[in-house]
Every structure is written in C-alpha cells, then in structure tokens.
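Q: Here it is, the structure, as structure tokens.
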Amino acid sequence: MPIRKETLGVGFIGAGDVSILHAAAVKKCPGARLVGLWNRNPDRAQQRAEQFGCRSYPSAEELVSDPAIDAVFVLTNLETHLEYTALALGAGKHVLVEKPVGVNVAEIERMKALAEAKDLICMPGHNYIYEQSMQRTRELVENGDLGRIVSAYVMYNIHHPEEVAQRYPGVVRQILTHHSYILLYLVGPPVELCAMKATLHYQQYTEEDIAMVQMRLANGALAHFCASFAADDHAADPWTVMVKVIGTGGSTRYSYRDHVEIKPGLVHSQTYTAYQGSITNEVRHFLVECLRLGRAPLSTLDDALMAQRMIEAAEKSIAQKCIVTL
Ligand SMILES: NC(=O)c1ccc[n+]([C@@H]2O[C@H](COP(=O)([O-])OP(=O)(O)OC[C@H]3O[C@@H](n4cnc5c(N)ncnc54)[C@H](O)[C@@H]3O)[C@@H](O)[C@H]2O)c1
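When we follow the numbering used here, the leftmost residue of the sequence shown carries the number 756, and every step to the right adds one.
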C-alpha cells in the first residue's frame, strides 16, 4: 500500500559506520526525514544523533513503536539482523536490512514470511544494483544487445586494516554477498561453483582476507569473483571495484575508479564516490519508489536467499575442496 504522508519518517537501528552513509542518503531523499536512532552503545547513539540532527531512543522497542516512524533501517552487525528486522516488522514498519541479510537461509526465509504476513516491504541492502550503469547493463543483457553472454566478472580489492576487518565476518560473507546479488541481477544464477580463500595480511584475525570463486551460469556462460581486503590495487585502471559483462555482441564495465576523491572515506584509503552514491540511490528507491509509489524492490529477499545459497556453496567448496552444484 503506497504511503501518502507528506514526510516519511525513518528510524535507524544501529549507528555504526554504515549509518553515516544512510543518514546522508535520507537527507538527500525528497519527502523523507531521519526521525531518530537507537544504538546499543548509548555514547555512540548520542554522538550520532547529534551528528545526524535526530533524536536518540532509549530502546529499539521504543523506536519501532513511534508512530512518526514509517520505515526502519536495520544497520547492526549480521548476527542481529533477524532480531531487529522481526521487531520492526512486528510493529508494522517497512524495513531496509543491510547485507548480508541473514546468517543462513532459514533466517532470510523467516524475514520473508514475516514481511508477507504483514504485507510490508523488507528490502535487502543490495546497494550496488542501484547504480545507473548496472541497470543499463541489465537492460542490454535482457534485450539481447550484448549477444550471447560469454563471461561476467566482479572484482573487489580494497585494503581494510585488521581492526576494521575484525568487526566483520571474512570476505566470503562480508564482500562476496555483494558479488552474488550483482551477478544475479545482471546475468542470472550460477548452476555450479568452486571457491578458494586465503589469509595473507592479518596477524591475529583468523578469517580470510581474500577469496575467489569460479562459476558456470544457468545461461552457459562462466563467471569469476574476487574479493580482497588484503591490498588496494594501485595499478593503472585498477580493479578496486570492477564489474564486467562480456558478450558476443558487446561488453560493459562498471568501476569505482570513475569517481575518486583524494581523502579517506570511512575505512577506505580514498573516497570512492560511488559508495555513497549507490546507497543514496538505494535509499531513494526504497522510500520513494517502493513506499511512496508502491513499486516492488529491484532486488528482493528472494535474491538475498539465492545470494546466501551461493555464499554457503562457496563455503562448502572451500571446506571440501570440491565443485558444488546449486
Ligand atoms: N552495503 C554496504 O556497502 C555496507 C558497507 C558497510 C557495512 N555494511 C553492513 O552494515 C552492517 C553494519 O556495518 P558497519 O560497517 O556499520 O559496522 P560497525 O561495526 O561500524 O557497526 C555495527 C553496529 O552494530 C551494533 N551491534 C553490534 N552487536 C550488536 C548487538 N549484539 N546488538 C545490537 N547492536 C549491535 C553496533 O553497536 C553498531 O551500531 C553490517 O551488516 C555490514 O555488513 C554494508
């Protein structure tokens, strides 16, 4: 049901790094306002509330039950996404939940069932697909303008210091989730895959800082993922974040390097303007297209489910040193 209020109220559960990008996105979104946030650590909550110009709620329960809030953004760590998504949906609020959406397939299925039962939107934070260049690539693929699709590549090489990486799962879950929903959106699902990982850069942290995946797609093409926290790519035309689709009739490219600002950006050594830009586009899509105009999200919890199956297949391939059929 489209929401007809003059101003859509947004509440954040979690006020870590990614909340900075979401707050900037809400600020830019017409007809929307960040009403308030809740964060587990009250000092951080107070600091961010002042920074964002919004109120700080004493509990997540009080935030979701405020009638001024129409949509809740779940921006906590992966392990608590289901808890807070269920809380918000239970209070009748639409939800944007950051990626990776759930710890396993069952958690995402639970979110889907809760959202459907309440007729609410629960949209995964699949930000990269809200870039115009990605959407153009998909159109070209769908129209057959690239001919027969031969290959697809998603490459990510962004150094993350060990103290930052420690807040996240390894790159298989944290980063290959992006790769998975991008691939699904652009060229469709894989039918089989194999993966490898390594820990090259970290001293204490035991999770992987690089992983690669090879896939055969349902359309017969092959695809490759690389996700690395181990090092930045400093070469000419670097694979910082690079997405390529190659077909017999043409090819496309998306690169974070199209817009670079020479200043640190959150945990990155430089500011890749597309990082904020993709989240700004995603938030506008959620609030304006989905909530105001009643349109379906471009990427749904079904895509999050398939992305999670791909992650779990990669983990199985790594553990058993085998090719996994999806
Ligand atoms: N889409 C993107 O490009 C992108 C980028 C960065 C992070 N993320 C995702 O956003 C989420 C948050 O990441 P971040 O970078 O802001 O991390 P962060 O470590 O800066 O913040 C994590 C937040 O989770 C909260 N938290 C941790 N454990 C909790 C618990 N048990 N109960 C309640 N709250 C708890 C912390 O208080 C903090 O607010 C993660 O799911 C991450 O994968 C997405």
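No residue lacks a Cβ here, since even glycine has one placed at the ideal position from N, Cα and C.
This one's a predicted model, so the numbers in the text were calculated from it and none came from an experiment.
DSSP beta-bridge partners for Q969?
A: According to DSSP, which records beta bridges pairwise, Q969 is partnered with C949, H979.
Q: So what's L776 in DSSP terms, helix, strand or just coil?
A: In the structure shown, L776 sits in a helix (DSSP, three-state: H, G or I).
Q: Please name the residue in P855, S814, E963 whose C-alpha comes closest to that of L833.
A: Per the Cα distances, P855.
Q: Of the choices A861, V860, V858, A870, whose alpha-carbon is the least far from that of L842?
A: The candidate whose alpha carbon is nearest that of L842 is A870.
Q: Let me check you understand the geometry: is the CB of V773 closer than 7 Å to at least one non-hydrogen atom of ligand 1?
A: Within the cutoff, so yes.
Q: Please tell me whether Y908 has its Cβ less than 8 Å away from any Cβ of chain B.
A: Absent from the structure: chain B. Only one protein chain is present.
Q: My guess is that V1043 and C784 are in contact by the Cβ rule of under 8 Å, so how many angstroms apart are they, rounded?
A: Indeed, because the Cβ distance is near 7 Å, the residues count as touching under 8 Å.
Q: Any heavy atom of ligand 1 inside 7 Å of the beta-carbon of Q1031?
A: Checking the Cβ of Q1031 against ligand 1 gives no.
Q: Mapping DSSP to helix, strand and coil, what is P879?
A: Looking at P879 - three-state DSSP - the assignment turns out to be strand.
Q: Where do the N-terminal and C-terminal ends of the alpha helix (DSSP H) with R893 fall, by residue?
A: Segment 887-898, the alpha helix (DSSP H) holding R893.
Q: Compute every distance between the C-beta of E853 and the non-hydrogen atoms of ligand 1, then say whether any falls below 7 Å.
A: Checking every heavy atom of ligand 1 against the Cβ of E853, one is found closer than 7 Å.
Q: Inspect the beta-carbon positions of G880 and I824 and report whether they are closer than 8 Å.
A: No, the Cβ-Cβ distance between G880 and I824 is not below 8 Å.
Q: If distances are taken between C-alpha atoms only, which option among L941, A973, V905, V858 comes closest to L1081?
A: When each option's Cα is compared against that of L1081, the closest is A973.
Q: Using CA atoms only, rank isn't needed, just tell me which of G1049, G925, A982 is closest to H934.
A: Of the listed residues, the one whose Cα sits closest to H934 is A982.
Q: Taking Cβ to Cβ, would you say L851 is nearer than 8 Å to F1041?
A: Going by C-beta atoms, L851 is nearer than 8 Å to F1041.
Q: Counting along the chain, where does the beta strand (DSSP E) carrying V827 start and finish?
A: Run containing V827: 826-829, per the beta strand (DSSP E) assignment.
Q: Is it true that the CB of H777 sits closer than 8 Å to the CB of I1034?
A: Taking 8 Å as the Cβ cut-off, I1034 and H777 qualify as a contacting pair.
Q: Check whether the Cβ of Q921 lies closer than 7 Å to any heavy atom of ligand 1, and answer yes or no.
A: No, the beta carbon of Q921 sits no closer than 7 Å to any heavy atom of ligand 1.
Q: With a Cβ-Cβ cutoff of 8 Å, do M710 and Y908 count as a contact?
A: The structure shown does not extend to residue 710, since the chain spans only 756 to 1081, so no value can be given for it.
Q: State the Cα-Cα distance for the pair E838 and D900, rounded to the nearest angstrom.
A: When rounded, the distance between both Cα atoms is 43 Å.
Q: Do the region 887-907 and the region 994-1008 touch if we need at least three Cβ pairs shorter than 8 Å?
A: Yes: at least three Cβ pairs fall under 8 Å.
Q: Report the three-state DSSP secondary structure of L851 (helix, strand or coil).
A: Note: L851 maps to strand in three-state DSSP.
Q: Compute the beta-carbon to beta-carbon distance between I937 and I884, rounded to the nearest angstrom, for a pair I have assumed lies under 8 Å.
A: So it is a contact: roughly 6 Å between Cβ atoms.
Q: Apart from the five residues on each side of it in sequence, which residues of its chain come closer than 7 Å, Cβ to Cβ, to Q801?
A: These residues qualify, in order along the chain: S811.
Q: Do the CB positions of D798 and H914 come within less than 8 Å of each other?
A: No; because the gap between Cβ atoms is not below 8 Å, this pair is not in contact.
Q: For the beta strand (DSSP E) that contains L1048, what are its first and last residues?
A: Unbroken run through L1048: none, as it is neither H nor E.
Q: Let me know if C1077 comes out buried or exposed under the rule of 16 or more other beta-carbons within 10 Å of its beta-carbon.
A: When all chains shown are included, C1077 counts as exposed.
Q: Following the continuous alpha helix (DSSP H) through R928, name the residue where it begins and the one where it ends.
A: 926-929 is the span of the alpha helix (DSSP H), which, as asked, contains R928.
Q: Hey, G857 and Q1075: beta-carbon distance below 8 Å or not?
A: Not in contact: G857 and Q1075 (Cβ atoms no closer than 8 Å).
Q: Alpha carbon to alpha carbon, how far is L939 from N859? Give it in angstroms, no decimals.
A: C-alpha separation (whole angstroms): 18 Å.
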